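Residue numbers (the working numbering): 25 to 173.
All residues carry an ideal CB built from backbone N, CA and C; glycine is no exception.
All figures in this text were calculated on a predicted structure; none of them were measured in a lab.
To start, the structure itself, in structure tokens.
So, in structure tokens, the structure goes:
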């Protein structure tokens with residue numbers, strides 16, 4: 025019975041301590057516990073899943089950034105700004121949002137602020153009198169196949 029309890033404690037201790045080979049010595053004998061290398065592979069995969077899940081919202085969109093180009097109450101002017109931005113940057117997506125009482129025009133889908141910074145600098149040079157900001161938002165993003173599990 026004592027050997028069974030000792031073996032059980034050794035297994036629990038090996039799970040708590042993590043990795044490697046451990047020797048436990050008692051007056052009765054020695055227990056050697058060896059961790060399977062596949063545990064490291066599983067831990068790495070789970071870490072990547074957790075990082076990806078942290079970026080993804082419950083709606084399936086990812087947490088990221090957009091550049092806010094316009095924020096005012098005039099809908100016609102907001103539509104004009106959106107059309108102008110789309111004309112100058114056809115490779116980016118533009119969004120017209122309404123949060124009472126303001127209309128907002130946001131541009132792009134960026135995972136990091138650093139990605140958005142270059143476009144923000146270009147927009148600030150084109151429109152020097154507007155407040156142009158990088159704002160956190162839920163973005164449309166399709167991860168590459170190698171990121172999918």
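(request) Kindly provide the ranges of any beta strand (DSSP E) runs that are 3 or more residues long and lie completely inside the segment 64-108, ordered along the chain. (result) 86-96
(message) For residue 74 and residue 65, I'd like the C-alpha separation in whole angstroms.
(response) 14 Å
(request) Have a look at 113, 142, 119 and 127 and flag the residue whose alpha-carbon is nearest the alpha-carbon of residue 100. (result) 127
(request) Less than 8 Å between the CB atoms is what I'm expecting for residue 163 and residue 94, so what's the real figure, rounded? (result) 18 Å between Cβ atoms; not a contact.
(request) Below 7 Å CB to CB, which residues in the same chain sit around residue 106 once its five sequence neighbours on both sides are set aside? (result) 118, 120 and 129
(request) Enumerate in chain order the residues of its own chain whose CB-to-CB distance from residue 136 is below 6 Å, with the five nearest sequence positions on each side excluded. (result) none
(message) The alpha helix (DSSP H) that contains residue 145, what's its start and end?
(response) 137-150
(message) Taking 8 Å as the limit between beta carbons, can you name the residues of its chain near residue 159, skipping five residues before and five after?
(response) 89, 90, 91, 92 and 130
(request) Following the continuous beta strand (DSSP E) through residue 161, name the residue where it begins and the one where it ends. (result) 157-163
(message) Suppose you measure from the CA of residue 156 to the CA of residue 116; what does that come to, to the nearest Å?
(response) 16 Å
(request) State the Cα-Cα distance for the pair residue 61 and residue 147, rounded to the nearest angstrom. (result) 51 Å
(request) Find out if the Cβ-Cβ distance for the pair residue 132, residue 143 is shorter than 8 Å. (result) yes
(message) Out of 161, 26 and 154, which one is the CA nearest neighbour of residue 51?
(response) 26
(message) Can you list, in chain order, the residues of its chain with a C-beta nearer than 8 Å to that of residue 97? Leave out the 5 residues immediately preceding and following it.
(response) 125, 126 and 127
(request) Identify, in the order they occur along the chain, each residue of the same chain with its Cβ nearer than 6 Å to the Cβ of residue 154, setting aside the five sequence neighbours on each side. (result) none
(request) Report the option in 29, 59 and 68 whose CA atom is closest to the CA atom of residue 53. (result) 29
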